[in-house]
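Asks:
2 protein chains.
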Amino acid sequence: MRAAERREQDRREYNAFLSECPGHELLATLSDKWVTLVLSALADGPLRYRDVSRTIPGASQKMLTQTLRKLERDGLVTRTVTPSVPVRVDYELTALGQSLLPVQRAIKSWAETHIEQVHLARKTYDHAMADAP
Amino acid sequence: MRAAERREQDRREYNAFLSECPGHELLATLSDKWVTLVLSALADGPLRYRDVSRTIPGASQKMLTQTLRKLERDGLVTRTVTPSVPVRVDYELTALGQSLLPVQRAIKSWAETHIEQVHLARKTYDHAMADAP
DNA sequence: CAGGATCCTAGTCGATACTG
DNA sequence: CAGTATCGACTAGGATCCTG
């Protein structure tokens, strides 16, 4: 059973290494469905909580809050509370957050120019699989 | 209860719209932890199954196979079976797969230049939260 | 060697209800 | 208005065993 232990050890070390890898940290946040949506919702300027949720009808308010908190924690957006009645909370991209937009655009750009090839490949693949199951 | 139904309807429509959005399709695959690792493992040239798994010790063979199949289906890698005894299977990036590497590099690049700011922001945020819980 | 088939758990997400 | 708290459904991913 030493081999199994050894493999598990390797796996742990590797995963530890990965969680320290900047690229994967970024991907972890960037890949979040709601993160990308919130980011692009705020791209045009600051929004109140309610307006963000209207811009992204698919998000439950739990996910929305969770996402906004995460982004705030990472320094990508600022949260400004105006203690009126009722309270008003505005969210705005920081400079750091804005610097992420070009990266998003790069991804979107690749997607738009290559997605058809991917779809075609899938069709071909699925068809081939249907012939030889 | 009509309001709830309406919201659910909106959510469904929105999610349907999202799943058709090229950007999110790409992000769905690109953000997969194992996808990025396999992609960069194959960046330097074709590899056999065993070698991929050695390059990425953290991946269970289930995840590895699953990921490779997904990439093959999307036309990002080719799978070549050599029917010797024992069999030999090579995986190689397609042109489409290689065209994805610059995007990965862009992400990695942003991560490396900005990750410290993110870490700093987190530290500050967590510290502020500790003061006012 | 390269995987297929299963079982199982830990975390994710949505819906709902309540608060300052 | 802008959340917080809680619960249950769901599922991705890991461990394990087995095959051509």
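Chains A and B, in that order, are what the protein sequence lines are.
Just so we're aligned, residue 3 is where the first sequence starts under my numbering, counting upward by one.
Just so we're aligned, residue 3 is where the second sequence starts under my numbering, counting upward by one.
Even for Gly, the Cβ is constructed at its ideal location relative to N, Cα and C.
Remember, predicted model here, so these are calculated numbers, not experimental data.
Would a check of beta-carbon distances place B:Tyr127 closer than 9 Å to chain A?
Replies: Along the second sequence, read from residue 1 onward, the residue named residue 127 of chain B stands at position 125. Interface residue, yes.
Asks: List in chain order: all unbroken alpha helix (DSSP H) runs of 4+ residues lying wholly within the region 3-75 of chain B.
Replies: The region 3-75 of chain B contains these whole alpha helix (DSSP H) runs: 4-22, 24-32, 35-44, 51-57, 63-75.
Asks: Between the C-alpha atoms of A:Leu122 and B:Gly77, what's the straight-line distance to the nearest angstrom?
Replies: Translated into the one-based positions of the first sequence, residue 122 of chain A becomes position 120. Translated into the one-based positions of the second sequence, residue 77 of chain B becomes position 75. Going by the C-alpha atoms only, they are around 8 Å apart.
Asks: Consider the Cβ of B:Pro48: report whether some Cβ of chain A lies at a distance smaller than 9 Å.
Replies: Locating residue 48 of chain B in the second sequence gives position 46, where the first residue counts as 1. Output row for B:Pro48: interface = no.
Asks: Give the DSSP bridge partners of B:Asp92, in chain order.
Replies: Your numbering for residue 92 of chain B matches position 90 in the second sequence. According to DSSP, which records beta bridges pairwise, B:Asp92 is partnered with B:Arg50, B:Thr82.
Asks: Run through chain A and tell me which residues come within less than 7 Å of B:Lys110, C-beta to C-beta.
Replies: Along the second sequence, one-based indexing puts residue 110 of chain B at 108. Within 7 Å Cβ-Cβ: Gly25.
Asks: Can you give me the start and stop residues for the alpha helix (DSSP H) that A:Val105 sits inside?
Replies: Stepping through the first sequence from its first residue, residue 105 of chain A is reached at position 103. That run of the alpha helix (DSSP H) goes 103-133.
Asks: Quick one: is A:Thr38 near chain B, going by C-beta distance under 9 Å?
Replies: Counted from its first residue, the first sequence places residue 38 of chain A at position 36. True, the Cβ-Cβ gap to chain B drops below 9 Å.
Asks: For B:Glu15, would you say it is in contact with chain A, using Cβ-to-Cβ distances shorter than 9 Å as the test?
Replies: Counted from its first residue, the second sequence places residue 15 of chain B at position 13. Yes, because at least one Cβ of chain A sits closer than 9 Å to the Cβ of B:Glu15.
Asks: Any idea if B:Leu24 is buried or exposed, counting beta-carbon neighbours within 10 angstroms, 16 or more meaning buried?
Replies: The residue labelled residue 24 of chain B in the question sits at position 22 within the second sequence. Checking the sequence shown, residue 24 of chain B turns out to be Pro, not Leu. So B:Pro24 counts as buried.
Asks: Which residues in the same chain have their Cβ closer than 8 Å to the Cβ of A:Leu44, if we skip the five residues on either side of it in sequence?
Replies: Here residue 44 of chain A is taken as the residue at index 42 of the first sequence, counted from 1. So the list reads Val54, Val79, Tyr93, Glu94, Leu95, Gly99, once near-sequence residues are dropped.
Asks: How about the region 5-21 of chain B and the region 97-112 of chain B: do they share at least three Cβ pairs that are nearer than 8 Å?
Replies: Output reads no: the region 97-112 of chain B does not touch the region 5-21 of chain B.
Asks: Closer than 8 Å by C-beta to A:Val37: which residues in its own chain qualify, once you throw out the five before and the five after it? Chain order, please.
Replies: As a first step, residue 37 of chain A must be located in the first sequence, where it is residue number 35. Within the same chain, A:Val37 has close Cβ partners Thr31, Thr69, Lys72, Leu73.
Asks: Within a Cβ cutoff of 6 Å, which residues of the same chain sit near A:Ser62, ignoring the five residues on either side of it in sequence?
Replies: Translated into the one-based positions of the first sequence, residue 62 of chain A becomes position 60. Within the same chain, A:Ser62 has no close Cβ partners at all.
Asks: Rounded to whole angstroms, what is the Cα-Cα separation between A:Leu29 and B:Ser111?
Replies: The residue you call residue 29 of chain A lines up with position 27 of the first sequence. The residue you call residue 111 of chain B lines up with position 109 of the second sequence. So the alpha carbons of these two residues sit roughly 12 Å apart.
Asks: So the candidates are A:Lys35, A:Glu7, A:Ser86; which of them puts its Cα closest to the Cα of B:Asn17?
Replies: As a position in the second sequence, residue 17 of chain B is number 15, starting the count at 1. Of the candidates A:Lys35, A:Glu7, A:Ser86, the one whose C-alpha sits nearest the C-alpha of B:Asn17 is A:Lys35.
Asks: Assign B:Gly77 to one of three DSSP states: helix, strand, or coil.
Replies: Looking up residue 77 of chain B in the second sequence gives position 75. In the structure shown, B:Gly77 sits in coil (DSSP, three-state: anything other than H, G, I, E or B).
Asks: What does A:Arg75 touch in chain B if you count any residue whose Cβ is under 8 Å from its own?
Replies: For the purposes of this step, residue 75 of chain A is identified with residue 73 of the first sequence, where counting begins at 1. What A:Arg75 touches in chain B: Ala123, Arg124, Tyr127, Asp128.
Asks: Would you verify that the beta carbon of B:Arg52 is, or is not, closer than 9 Å to some beta carbon of chain A?
Replies: Position 50 of the second sequence, counted from the first residue, corresponds to residue 52 of chain B. False, the Cβ-Cβ gap to chain A never drops below 9 Å.
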